[in-house]
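Heads up, the sequence shown is in the working numbering, so the first residue is 12 and it goes up one at a time.
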Amino acid sequence: MRRKMRLNFKQAGGLVICGLLLSSCTGVADKPKVSGVKSKGVSFEKHLSKEYKKLVSYEKKASKKNPVLRTKKFVAFFDTGSAKLSKSAQMAVESAVGFALNKNSSSIAVTGHTDTVGSRKANKTLAKKRVASVLANFKAAGFNLKKDIVDVALGELDPTVLSGDGKNEKFNRRVVVAVDYNLTDPNVKYFAKRAKMAAKGKAPGLQMLSERRLKGKYAKALGPAYARLWSALDSKGAKLDGKNAAKAQVNYECWLRQAELNKKKNKKLGKCKSSFYGAMAMLEGAIYNAKKKKKK
Numbered sequence: 012m013r014r015k016m017r018l019n020f021k022q023a024g025g026l027v028i029c030g031l032l033l034s035s036c037t038g039v040a041d042k043p044k045v046s047g048v049k050s051k052g053v054s055f056e057k058h059l060s061k062e063y064k065k066l067v068s069y070e071k072k073a074s075k076k077n078p079v080l081r082t083k084k085f086v087a088f089f090d091t092g093s094a095k096l097s098k099s100a101q102m103a104v105e106s107a108v109g110f111a112l113n114k115n116s117s118s119i120a121v122t123g124h125t126d127t128v129g130s131r132k133a134n135k136t137l138a139k140k141r142v143a144s145v146l147a148n149f150k151a152a153g154f155n156l157k158k159d160i161v162d163v164a165l166g167e168l169d170p171t172v173l174s175g176d177g178k179n180e181k182f183n184r185r186v187v188v189a190v191d192y193n194l195t196d197p198n199v200k201y202f203a204k205r206a207k208m209a210a211k212g213k214a215p216g217l218q219m220l221s222e223r224r225l226k227g228k229y230a231k232a233l234g235p236a237y238a239r240l241w242s243a244l245d246s247k248g249a250k251l252d253g254k255n256a257a258k259a260q261v262n263y264e265c266w267l268r269q270a271e272l273n274k275k276k277n278k279k280l281g282k283c284k285s286s287f288y289g290a291m292a293m294l295e296g297a298i299y300n301a302k303k304k305k306k307k
């Protein structure tokens, strides 16, 4: 197994926390390559695929019992007195449509706004036209405008920037698209995809903290956990003990996922965390014994 860069425990932990807080850092070491290794006749990838499938099974049940809803907003701005989508507005709307399709949205709200130039009646009519311009894109993408989308034209009401009558304010001339989506559904797809990758002999790399929307309080434990697992895999841990290496990786990602949900009482987080540490203890034991045997 090749290693493009060595990384000790403290360095790795620092990089992970850096990734969480700053989103991007330079000099991050490559993820360890563990593809194709075997442990007692069973490949690491097969163990990994099996563990991911267990996680997918749990997530499917969780999505039915306790769906976690999130909202993402997209804003398209308009020229004065116009309901025509500019290039930038078209891009914003297309992003909203694409997001709604990919995230398996539960509901979509489209709200039209204007500035205070002109009468309230005229502005409400203009807001309706702007909403219609946006809805045309959703209709073209296959959405049912009556069942899938709630739309309203507020006109000059609810401005982003407070101003007096007759004020030409560009930030108030907008249509807001709010997409509510179930956080669990795309998560099931995400882990199912990783299970398929592993089944094909391609072990997915470790998921970074920056790949999930986490609160800073979780970095204190998850950062060192990532570094510890990275170090074990980089020390040929997957070859020495594929079963526990796979269990550690998937339970780390399960822990990461549960941390993102940020529930007050989360038994699953505790279980994933405990399973991770248990698997890591076994994995590190195998690495230690291998090094000890090599010295002899």
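For each residue, glycine too, the CB sits at the ideal point set by N, CA and C.
>> Taking 7 Å as the limit between beta carbons, can you name the residues of its chain near residue 142, skipping five residues before and five after?
In response: The answer, listed in chain order, is 121, 123, 162, 164, 186.
>> Do residue 66 and residue 202 have their beta-carbon atoms positioned less than 8 Å apart in this structure?
In response: Judged by beta-carbon spacing, residue 66 lies within the 8 Å limit of residue 202, meaning their Cβ atoms are closer than that value.
> residue 214 lies in the beta strand (DSSP E); which residues open and close that run?
Replying inline: Careful: residue 214 lies outside any beta strand (DSSP E) and carries neither H nor E.
> Which residue from 274, 285, 268 puts its Cα closest to that of residue 69?
Replying inline: Minimum Cα-Cα distance from residue 69 among the listed residues 274, 285, 268 corresponds to 268.
> Who are the near neighbours of residue 274 in its chain, counting only those whose CB is closer than 8 Å to its CB and skipping five residues on each side?
Replying inline: These residues qualify, in order along the chain: 280.
> Between residue 93 and the rest of its own chain, which residues show a CB-CB distance below 6 Å, the 5 nearest in sequence each way excluded?
Replying inline: Result list for residue 93: empty, nothing under 6 Å.
>> In whole angstroms, give me the CA-to-CA distance for residue 237 and residue 219.
In response: Taking the straight line joining both Cα atoms gives about 8 Å.
> Got a sec: does the ligand GDP put a non-hydrogen atom nearer than 7 Å to the Cβ of residue 234?
Replying inline: The model on display carries no ligand, and the ligand GDP is accordingly not part of it.
> Three or more C-beta pairs closer than 8 Å, one from the region 95 to 107 and one from the region 225 to 233: is that the case here?
Replying inline: With a cut-off of 8 Å on Cβ pairs, the region 95 to 107 is not in contact with the region 225 to 233, counting fewer than three such pairs.
> Since residue 294 and residue 256 are thought to touch, with beta carbons under 8 Å apart, how far apart are those beta carbons, to the nearest angstrom?
Replying inline: Indeed, because the Cβ distance is near 6 Å, the residues count as touching under 8 Å.
> Among 82, 108, 243, which has the Cα closest to the Cα of residue 302?
Replying inline: For residue 302, the nearest C-alpha among the options comes from 243.
> In terms of residue numbering, what span does the beta strand (DSSP E) encompassing residue 223 cover?
Replying inline: Boundaries for residue 223: no beta strand (DSSP E) harbours it, and the DSSP string shows neither H nor E there.
> Hey, would you say residue 184 sits closer than 8 Å to residue 245, going by beta carbons?
Replying inline: No, they are not a contact pair.
> Secondary structure at residue 295, three-state DSSP: helix, strand or coil?
Replying inline: It is helical.
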